[in-house]
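Engineer: Note that the numbering used here has the sequence shown beginning at 4, numbered continuously upward.
We treat Cβ as the ideally placed atom computed from N, Cα and C, and that holds for glycine.
These numbers were taken from a predicted model, which means no experiment stands behind them.
Just dropping this structure here.
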Amino acid sequence: MGVRRRYLVVLLALAVAVTVWFFRTWFHDLALFFYRRPEGLQGLALATLLWRLVLPRWPALTRVRRIVAHTTTPGGVKVSETHFRWLHWAGGALTLALFLVFLLVGSWLQDAYLAATLQYHRLDELPESVENVRLMPYEVAHRYAKDSLQLSQYRLGTENMVLQDGRLTWVFPLVPDGLVIKFLKQNRGVVMVDATTQEKNSRMFWKDMRIGESMQLTDNLWWNLYRVRYWVSTEYPYYVVHGDEIYTAVPAISYQYRFRWGIVFTVPRFAGTFLVDTAGNIRFLDHREAMEHPALRGNRIFPEFLARRYVDAYRYHLGIANRLFIHEDQIQIQDVQSQSHINRQPFLMMTASGLKWFVSTEPHGASHGIFKIFLVDAVTGRIDLYELPVEETLTGPIRAADYVRRANPIVDWSRFNLTEPLPFVRNGTLYWKIVVIPQDAAGIAYQAFVNSRTNDVVEVGSDAEILAFIAGQAPSAPAPTDRGSLLREMRGLLELLEDLLNRLEELGG
Numbered sequence: 004m005g006v007r008r009r010y011l012v013v014l015l016a017l018a019v020a021v022t023v024w025f026f027r028t029w030f031h032d033l034a035l036f037f038y039r040r041p042e043g044l045q046g047l048a049l050a051t052l053l054w055r056l057v058l059p060r061w062p063a064l065t066r067v068r069r070i071v072a073h074t075t076t077p078g079g080v081k082v083s084e085t086h087f088r089w090l091h092w093a094g095g096a097l098t099l100a101l102f103l104v105f106l107l108v109g110s111w112l113q114d115a116y117l118a119a120t121l122q123y124h125r126l127d128e129l130p131e132s133v134e135n136v137r138l139m140p141y142e143v144a145h146r147y148a149k150d151s152l153q154l155s156q157y158r159l160g161t162e163n164m165v166l167q168d169g170r171l172t173w174v175f176p177l178v179p180d181g182l183v184i185k186f187l188k189q190n191r192g193v194v195m196v197d198a199t200t201q202e203k204n205s206r207m208f209w210k211d212m213r214i215g216e217s218m219q220l221t222d223n224l225w226w227n228l229y230r231v232r233y234w235v236s237t238e239y240p241y242y243v244v245h246g247d248e249i250y251t252a253v254p255a256i257s258y259q260y261r262f263r264w265g266i267v268f269t270v271p272r273f274a275g276t277f278l279v280d281t282a283g284n285i286r287f288l289d290h291r292e293a294m295e296h297p298a299l300r301g302n303r304i305f306p307e308f309l310a311r312r313y314v315d316a317y318r319y320h321l322g323i324a325n326r327l328f329i330h331e332d333q334i335q336i337q338d339v340q341s342q343s344h345i346n347r348q349p350f351l352m353m354t355a356s357g358l359k360w361f362v363s364t365e366p367h368g369a370s371h372g373i374f375k376i377f378l379v380d381a382v383t384g385r386i387d388l389y390e391l392p393v394e395e396t397l398t399g400p401i402r403a404a405d406y407v408r409r410a411n412p413i414v415d416w417s418r419f420n421l422t423e424p425l426p427f428v429r430n431g432t433l434y435w436k437i438v439v440i441p442q443d444a445a446g447i448a449y450q451a452f453v454n455s456r457t458n459d460v461v462e463v464g465s466d467a468e469i470l471a472f473i474a475g476q477a478p479s480a481p482a483p484t485d486r487g488s489l490l491r492e493m494r495g496l497l498e499l500l501e502d503l504l505n506r507l508e509e510l511g512g
């Protein structure tokens, strides 16, 4: 009977091991957390060591004697003794505390190591913006793409911006909609919205995809990617149409182990890119191979997460003590929160020097002025740093939105959203381009350029006016034959008049 039990235990263990191995991608996030944060395991190991080896040697630390007296007879006392192992009661809290402390110290060491090893190349001036201007905000692009969708079993997946046919383009995958449909249907293709124009535009590219996001079970994108390379984290996928093929590109981030102060920690590095075609063939390309691949050449390759992570690590370039207590030459990244969502940096911008991840930073504290500007090359990952002169103060994206509201005080801003404060450089001057859209994102009311030096606001309506402004020309009125521009201007005036009438009625009431 004992032998049979052992055989059953062995068979059960093998069955569990095979099951866990087959479904290992389901446990990827949990496994990777401890893989990239080994200092947390050190904290748990230290807590175990304390309970098993150290505390038992000092019984006085693990128990407290309480004496309770009860009067039973005149002058007599009955004594009962109770032992409380109070440290063992607090064992869970102490284990959690050690785990969190090690994680915190490990994050400090990780940032300090990055700041000491990364190269921040200083710029004398910012690169000029080019005519490939990003005009279409995400909210409007999503509305246009959704309005053009006429498939009952599909919805729009995770959006991303790519360089498609030389133009910045919003790309949305068509993914199965519904729990059962995810197991039955394949991704159908992509919807593309040109981001370099304000006009309503969307076009479909139909093609069934063998594996993709939102598909289940073995057709799922992550199920297949993590079978190719397990110990990496990934960003959201983006999609590139090349010829008659749709490629799914997924940047991957690996982790290198380092040791300092008796603590093991990891630092993130760009590992490469998963490239998946519609037939489900997966190739893992390193950085050089990705830059040379025909479908990705000249497009975004360096991960958005790492661009922000490497810039944020600059806070530690003068050491951990300076970051925690002194704050000399310390930056902070501020994200702009609108009524609809948070515009997280970095911003993907096309410049005269190529495709860049743009990050503007403020000085540590309550200030909202620009302190330093970082440009991370979206292809190579090179980090450029533009430091403003001490005497120069530039308005940041958060305050720029306030000046747009001030420039149009008659507008009922509860009905409009200010979104996508994007940087543009013209003749060496930094502007913030802010898009004004209605709350339902049914179009674009107008776009405003805020001069970061003077806070002057220039409002423009048509694509031609915006391109003229970027080129250094004063905005001009639209030609009488420009029917689209005239209609947009008339709609904007009607909305302003309606707002005025509503305000007058409220005052009269």
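Could you tell me which residues DSSP pairs with H245 in its beta bridges?
Structural biologist: Its beta-bridge partners are E248.
Engineer: Find the nearest neighbour of R456 within the set T422, N325, L378 and I373, judged by alpha-carbon distance.
Structural biologist: Ranking the options by Cα distance to R456, first place goes to I373.
Engineer: Pair every Cβ in the stretch 222-229 with every Cβ in the stretch 309-318, then say whether three or more of these pairs are closer than 8 angstroms.
Structural biologist: Output reads no: the stretch 309-318 does not touch the stretch 222-229.
Engineer: For V143 versus A445, is the C-beta distance shorter than 9 angstroms?
Structural biologist: Yes, Cβ-Cβ distance for V143 and A445 is below 9 angstroms.
Engineer: Could you have a look at P271 and say whether DSSP puts it in helix, strand or coil?
Structural biologist: Here P271 sits in strand by DSSP.
Engineer: What is the DSSP secondary structure of H320, reduced to helix, strand or coil?
Structural biologist: Here H320 sits in coil by DSSP.
Engineer: Is Q46 helix, strand or coil when you go by DSSP?
Structural biologist: Looking at the sequence shown, residue 46 is not Gln but Gly. Of the three classes helix, strand and coil, the one that applies to G46 here is helix, per DSSP.
Engineer: Could you give the DSSP three-state label for W225: helix, strand or coil?
Structural biologist: W225 falls in the helix class under three-state DSSP.
Engineer: Go through its chain and collect everything with a Cβ distance to T237's Cβ below 6 angstroms, but skip five positions before and after it.
Structural biologist: Taken in chain order, the residues that qualify are V253 and A255.
Engineer: Output yes or no for whether 9 angstroms exceeds the beta carbon distance between V1 and Q45.
Structural biologist: Given that the chain is displayed from residue 4 to residue 512, the structure contains no residue 1 and the question cannot be resolved.
Engineer: Return the chain-ordered ranges of every beta strand (DSSP E) run that is complete within the stretch 294-369 and spans a minimum of 3 residues.
Structural biologist: Within the stretch 294-369, the complete beta strand (DSSP E) runs of at least 3 residues are 334-336, 350-354 and 357-366.
Engineer: Please report the residue range of the beta strand (DSSP E) in which V165 lies.
Structural biologist: Here the beta strand (DSSP E) through V165 covers N163 to Q167.
Engineer: In the DSSP assignment, find the unbroken alpha helix (DSSP H) run with L177 in it and report its ends.
Structural biologist: Run containing L177: none in the alpha helix (DSSP H); it sits in the beta strand (DSSP E), R170 to P179.
Engineer: Within 10 angstroms of the Cβ of L14, are there 16 or more other Cβ atoms? Answer buried if so, exposed if not.
Structural biologist: With fewer than 16 Cβ atoms within 10 Å of its Cβ, L14 is classed as exposed.
Engineer: According to DSSP, simplified to helix, strand and coil, what is A451?
Structural biologist: Of the three classes helix, strand and coil, the one that applies to A451 here is strand, per DSSP.
Engineer: How many Å lie between E395 and D168 at the Cα?
Structural biologist: If I take the Cα positions, the gap works out to 39 angstroms.
Engineer: Per DSSP, which one or two residues make a beta bridge with N190?
Structural biologist: Answer is M212.
Engineer: CB R146 to CB M164, shorter than 9 angstroms?
Structural biologist: The answer is no: Cβ separation not under 9 angstroms.
Engineer: Please report the straight-line C-alpha distance between V193 and K203, rounded to a whole angstrom.
Structural biologist: Straight-line Cα distance between these residues: approximately 17 angstroms.
Engineer: Is it right to say W24 is buried, meaning 16 or more other beta carbons lie within 10 angstroms of its own, or is it exposed?
Structural biologist: Counting Cβ neighbours within 10 Å, W24 comes out exposed, since fewer than 16 surround it.
Engineer: Note down the Cα distance separating L2 from R291, rounded to an integer number of angstroms.
Structural biologist: In this structure the chain extends from 4 to 512, so residue 2 is not present and cannot be described.
Engineer: Could you tell me the alpha carbon to alpha carbon distance between A274 and F287, rounded to whole angstroms?
Structural biologist: Each residue's Cα considered, the two are about 9 angstroms apart.
Engineer: Quick one: any contact between the stretch 398-417 and the stretch 119-135, if contact means 3 or more CB pairs under 8 angstroms?
Structural biologist: Too few Cβ pairs lie closer than 8 angstroms, so no.
Engineer: Buried or exposed for W264, going by 16 or more other Cβ atoms inside 10 Å?
Structural biologist: By the neighbour-count rule (16 or more Cβ atoms within 10 Å), W264 is not buried but exposed.
Engineer: Take G2 as the anchor and find which of T364, I376, E307 and G322 has the nearest alpha-carbon.
Structural biologist: In the structure displayed, the chain extends from 4 to 512; residue 2 sits before or after that span and is not available.
Engineer: So for G95, helix, strand or coil by DSSP?
Structural biologist: Looking at G95 - three-state DSSP - the assignment turns out to be helix.
Engineer: For E248, which residues in the same chain have their Cβ closer than 7 angstroms to its Cβ, ignoring the five residues on either side in sequence?
Structural biologist: So the qualifying residues of the chain are D280 and T281.
Engineer: Mapping the DSSP letters down to three states, classify A417 as helix, strand or coil.
Structural biologist: The amino acid occupying residue 417 in the given sequence is Ser; Ala does not appear at that position. Reduced to three states, the DSSP call for S417 is helix.
Engineer: Relative to the C-alpha of V51, which residue among G95, F37 and A20 is closest?
Structural biologist: The residue asked about is misnamed: residue 51 is Thr in this sequence, not Val. Nearest option by C-alpha distance: G95.
Engineer: If you reduce the DSSP assignment to three classes, tell me which class G372 lands in.
Structural biologist: Of the three classes helix, strand and coil, the one that applies to G372 here is strand, per DSSP.
Engineer: Output yes if chain B places a C-beta closer than 9 angstroms to the C-beta of Q113; else output no.
Structural biologist: Judged by its chain identifiers, the structure shown contains no chain B, having just a single protein chain.
Engineer: In three-state DSSP terms, what is R230?
Structural biologist: DSSP places R230 in helix when its eight states are reduced to three.
Engineer: DSSP on F87, reduced to helix/strand/coil?
Structural biologist: Summary for F87: the model assigns pLDDT 47, below 50, so the residue's position carries little reliability, and this model does not support an answer.
Engineer: Can you have a look at I413 and say buried or exposed, based on whether 16 or more other CB atoms are within 10 angstroms of its CB?
Structural biologist: With fewer than 16 other Cβ atoms within 10 Å, it is exposed.
Engineer: Classify A48: buried if its beta carbon has 16 or more other beta carbons within 10 angstroms, exposed otherwise.
Structural biologist: Classification of A48: exposed, given that the 10 Å Cβ count is below 16.
Engineer: Start and end of the alpha helix (DSSP H) containing F37?
Structural biologist: Its alpha helix (DSSP H) spans residues H31 to R39.
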